[in-house]
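Report on one structure; see the data block that follows.
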Amino acid sequence: MAEPVARIRVLIADDHAVVRRGLRVFLDLQDDIIVVDEAVDGLDAVEKAKTQQPDVVLLDLVMPRMDGIEAIARIREASPATKVLVLTSFAEDEKIFAAVQAGAAGYLLKDIQPQELGKAIRTVHAGEALLHPAVAAKLMQEFAHGHREPAFSQLTEREIEVLRLIARGMSNKEIAASLGLSEKTVKTHVSNVLQKLSVADRTQAALYAVKQGLVKLD
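Take any residue in the sequence shown, note its place counting from 1, add 20, and you have its number in my numbering.
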């Protein structure tokens, strides 16, 4: 008898009840995702993330009592293994940069298609970075003229190649295929890159790569 598939545990945080209900209805239809709780504001999201320890928090940015930016940092502190996926109507530069710097694993706009949302949750849960195309474009434009930092010189040529592909949103499997390496080897390179750059995750590594001019807007 086949063992049941472990489902991705999701906490929905949005101050609009209609939005929460719509997200729950859709996510409850996914075989590999389960909504463990809902939060009505930023502070509620932090408290429930601490008690529920969800795999992914689907988080709005503009909420009462505590905004999403502060909530991201607090959630990451209370539940380090939890990935925060921002889902918002706002694409202002300052919100995007602040969310990424606070530790968001992904940033999506609410115009995303339902099926893409499910894919996004699976992507960030797997440890991959994920940004809405419009958001990625803003990040690239903002950091296109960044200066090299000392940490950059610590990377090998292969690690720079891997970092460039991370910034283009590739998974370890895709990077392995692109460079003709095993996934295990790519995983080691990714780990080394994160350690040498002193960044917490792939999203921050991607941001660094953009800042260094390793990738550019097509």
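Glycine residues also receive a C-beta, built at the ideal position from the N, C-alpha and C atoms.
Small disclaimer: the values here were computed from a predicted structure and weren't measured.
- For L128, the uninterrupted beta strand (DSSP E) run begins and ends at G126 to L129, by DSSP.
- In this structure T176 is exposed. Its beta-carbon is surrounded by fewer than 16 other beta-carbon atoms within 10 angstroms.
- DSSP places L31 within a strand segment (E or B) once states are collapsed to three.
- Membership of L47 in the alpha helix (DSSP H) is indicated by the continuous run A37 to L47.
- Scanning I195, A196 and L78 for the CA closest to the CA of I141 turns up L78.
- Judged by beta-carbon spacing, L107 lies beyond the 9 Å limit of K139, meaning their Cβ atoms are not closer than that value.
- Around the beta carbon of L49, fewer than 16 other beta carbons lie within 10 angstroms, which makes this residue exposed.
- Nearest Cα to G123 within the set K216, G147 and T223: T223.
- Here A59 carries a strand assignment [DSSP, helix/strand/coil].
- The segment 56–76 makes contact with the segment 85–92: 3 or more CB pairs, one atom from each, lie closer than 8 Å.
- With fewer than 16 other Cβ atoms from the protein chains shown falling within 10 Å of its own Cβ, I132 counts as exposed.
- With a contact defined as Cβ atoms closer than 8 Å, L234 and I180 qualify at about 7 Å.
- Taking 8 Å as the upper bound for CB-CB distance, L31 and K70 are not in contact here, some 11 Å apart.
- Counting every other CB atom within 10 Å of its CB across the protein chains shown gives Q174 a total below 16, marking it as exposed.
- In the structure shown, L105 falls within a strand segment according to DSSP collapsed to helix, strand and coil.
- Looking from the CA of V213, the closest CA among F46, R184 and A196 belongs to R184.
- Here P74 is buried. Its C-beta has 16 or more other C-beta atoms within 10 Å.
- In terms of CA proximity to L217, K231 leads the group K204, I53 and K231.
- Residue D80 holds the alpha-carbon nearest to the alpha-carbon of Y127 among H209, Q215 and D80.
- DSSP links L79 through a beta bridge to A33 and V106.
- A straight-line Cα-Cα distance of about 6 Å links A65 and A33.
- By the neighbour-count definition (other C-beta atoms within 10 Å, threshold 16), A125 is a buried residue.
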